[in-house]
Every structure is written in structure tokens, then in C-alpha cells.
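With numbering that gives the first Met the number 0 as the guide, the letters of the sequence shown map in order to residues 0 to 264.
Idealized CB from N, CA, C, for every residue including glycine.
All values reported here derive from a predicted model rather than from experimental measurement.
Contents: one structure, followed by commentary.
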Amino acid sequence: MNYIFSYVNLFVNKVYIRGGIFIKGLFITGTDTDVGKTVASTLLTGYLKQKGVKIASYKPVQSGADTLHGKLAAPDVEFYKLANPELNDKEAYTYLFKKACSPHLAAREEGIRIEQEKIIDHYKQLEAKSDLVLIEGAGGVIVPLTDAGYSMLDLMKELAVPAVVVARTGVGTINHTVLTVDKLKQEGVPVAGVVMNRLHIGDPAVELDNQWMIEKLTKVPVIGVIPYMDNPAEAIKNPSLLEKVFSKFDILEEIAIDKQSSSFR
Ligand SMILES: Nc1ncnc2c1ncn2[C@@H]1O[C@H](COP(=O)(O)OP(=O)(O)OP(=O)(O)O)[C@@H](O)[C@H]1O
Ligand SMILES: [Mg+2]
């Protein structure tokens, strides 16, 4: 049995971001709730899987559970399955709450206190069995997980992973995106990139200028631009769309994947 595990480990991929920094996780955050973090994370999963990277998708806290086949289900995890059908529910989230609101309140309503240690342990387990863990927050950066105000930002700092910021393409996005990136940087969280998401069809000239100004003010590259999709669930199955979204995401310069690793872990 040990021989089998050793053989598999020979082909472990390593993922790097700019500057040759080796990473095991990326925290997908955003400028707001409903900005497209789940869609961006699923597209990135599909894209990196095409490059041979073994991805673990992780939603530490999901509020607003759905009912599926008579059981509670995490809607974001159901969406990840479009790119990662083998995903195991229990591995993909730690906390699942019924009320669709901030995690601290959703937890309080069910008499539960979110413990960051459980999330960190869960993350470490996923880290050990994948090349890269894509962790999705809830809402934006300053979202409380506990009544004491422990936030998504605090969690990112403890997990010690870089962030990817998902932002709208349209009017108003410069302010939200620059504030989010600045706060992350001030708190010492490296920002690997911004993903611009075209949630609504807007004026392309405005959208292009927004992208340019965001890169100029944040000094962080826009690593993906997601088009408006009539049916995101269908679109995500299209390999050429994945290539198009991340076409600026130069695999060698932005995330370099080293398939030659022969280290035993
Ligand atoms: N590019 C797009 N084109 C069309 N619809 C989109 C696009 N991106 C996201 N959506 C839709 O917008 C909604 C919100 O997207 P998503 O669930 O990814 O947001 P989120 O940031 O993950 O939200 P939450 O904070 O609840 O986790 C979904 O219904 C999704 O299908
Ligand atoms: Mg989501």
C-alpha cells in the first residue's frame, strides 16, 4: 500500500504565484456578497484542472443552506461540483447554516459558535491531499464569523494564504476594489490578483477603463475577466471559455506550475 502512495506523491504539482512564491491555498474573497466568488472559484478550478492541478474546493462557512433530496446542502459546494464532480460534501464545508445572513448571526440563530481552529484544521487536511486549496469566503473581507467580530480577514491571516479579489466590472467597482485590496495589503495579506466579473452587461469602455484604473491604483494584476453568461452553470463546462477568462493569467508568470517535483511529502 505504501508503494502506491509513494508513487502518487511523485507526481505532486507545485503552484507558485508571482515572485516564485510557493502556495498551497488561495482565498477567494470579493468586494461584496453575490459578486461572483463561487462562479470565479469554479471557473478557476476548471481552468487549473485542465492544467493538471489537483484542486480542493473549500467553503468554511456557508449560510443560506438549500434543501436537496430532503437534506440540507451548501449551494456554493453544489456549484463547485460542476468543475469538481468528485467533491465530497463533508470535505467541502465546515459549517452550514440555514439563515442567509452574516455567518456570526446565522450561527447564533442555531446556538452555535464558529471556532476558527476547526476551520484551520479542516484546511490543513485539505492541503495535505491536494495541490491547491481554493477557499471561498462569505461576502467581503470584513465579514464577522463570531459575535466578538473575528472576521474573514482574520481567518485569511491565520490560514496564511494569498487572496484573490473578485470584483464587478461596472460603475462603482473602482472604489470597492481599491478599498478591499488596500485593506488586505495593510493587514499583510498578499493579493495574488483581481478577477473582474461581468455580472451585468454594461458599457465596455467603462469596464475596460475600470480594469485599467484598478490595476494602476492597486498595482495588482487583473488575472481574469469573466464575461456575462446567460447560464453560468452551462458555460462553466466549456473549456475554451475557461481559457478565455484566464487568458491574461499567464501560467508561467502569474501561477507557475511545476510538474517535475519529485519530493516525497
Ligand atoms: N458572469 C456572470 N454572468 C451571469 N451571472 C453571473 C455571473 N457571475 C455570477 N453570476 C450569478 O450571480 C449570482 C451570484 O454569484 P455567486 O454565487 O458566484 O456570488 P458569491 O460572491 O459567491 O456570493 P456569496 O457571497 O453568497 O457566496 C449567481 O446567481 C450567479 O449565477
Ligand atoms: Mg459564493
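Cβ-heavy atom distance, residue i to ligand 2, below 7 Å
| i | result |
| --- | --- |
| Thr-37 | yes |
| Asp-65 | no |
| Glu-77 | no |
| Glu-135 | yes |
Short Cβ contact (8 Å threshold) for residue i with residue j
| i | j | result |
| --- | --- | --- |
| Asp-31 | His-121 | no |
| Ser-129 | Lys-53 | yes |
| Pro-189 | Pro-220 | no |
| Val-163 | Gly-24 | no |
| Glu-157 | Gln-115 | yes |
| Leu-81 | Ile-235 | yes |
| Tyr-91 | Ser-40 | Per the sequence shown, the amino acid found at residue 91 is Ala instead of Tyr. No, Cβ-Cβ distance for Ala-91 and Ser-40 is not below 8 Å. |
| Asp-75 | Glu-135 | yes |
| Leu-71 | Tyr-79 | no |
| Asn-209 | Val-165 | no |
| Ala-191 | Ile-16 | yes |
Given residue i as reference, the closest of the options once Cα atoms are compared
| i | options | result |
| --- | --- | --- |
| Gly-63 | Phe-96, Lys-50, Glu-90 and Gly-51 | Phe-96 |
| Ile-68 | Gln-61, Glu-77 and Val-60 | First, the residue type needs correcting, since residue 68 is His and not Ile in the sequence shown. Ranking Gln-61, Glu-77 and Val-60 by Cα distance to His-68 puts Glu-77 first. |
| Lys-215 | Val-180, Leu-81 and Glu-157 | Val-180 |
| Lys-36 | Ala-159, Leu-144, Ser-239 and Val-193 | Val-193 |
| Ala-204 | Pro-84, Thr-168, Leu-86 and Tyr-227 | Thr-168 |
| Tyr-149 | Ile-113, Ile-20 and Ile-27 | Ile-113 |
| Leu-183 | Met-151, Gln-115 and Val-34 | Met-151 |
| Gly-171 | Ile-235, Ala-147 and Met-212 | Met-212 |
| Cys-100 | Asp-88, Glu-90 and Val-60 | Val-60 |
| Ile-222 | Leu-43, Lys-70, Gly-187 and Ala-73 | Leu-43 |
| Ala-147 | Arg-107, Gly-139 and Gln-124 | Arg-107 |
| Val-244 | Phe-21, Tyr-46 and Lys-13 | Tyr-46 |
| Asp-238 | Thr-93, Ile-22, Lys-50 and Gly-29 | At residue 238 the sequence reads Pro, which differs from the Asp that was named. Closest by alpha carbon: Lys-50. |
| Leu-178 | Asp-202, Leu-144, Lys-218 and Leu-207 | Lys-218 |
| Val-142 | Glu-109, Ala-105, Ile-119 and Ile-22 | Ala-105 |
For residue i, the three-state DSSP class (helix, strand or coil)
| i | result |
| --- | --- |
| Asp-153 | helix |
| Ile-113 | coil |
| Arg-167 | strand |
| His-121 | helix |
| Val-14 | strand |
| Gly-23 | The question names Gly, but residue 23 is Lys in the sequence shown. It is coil, neither helix nor strand. |
| Met-212 | helix |
| Ala-137 | coil |
| Phe-78 | helix |
| Gly-29 | strand |
Distance cut-off 7 Å: residue i Cβ against heavy atoms of ligand 1
| i | result |
| --- | --- |
| Leu-198 | yes |
| Met-228 | yes |
| Asp-120 | no |
| Pro-203 | no |
| Gly-110 | no |
| Gly-268 | Coverage of the chain is limited to positions 0 through 264, which leaves residue 268 absent and any answer about it impossible. |
| Ile-54 | no |
| Tyr-221 | Note that residue 221 is Val in the sequence shown, not Tyr. It does not: the Cβ of Val-221 is nowhere closer than 7 Å to a heavy atom of ligand 1. |
| Thr-32 | yes |
| Ile-225 | yes |
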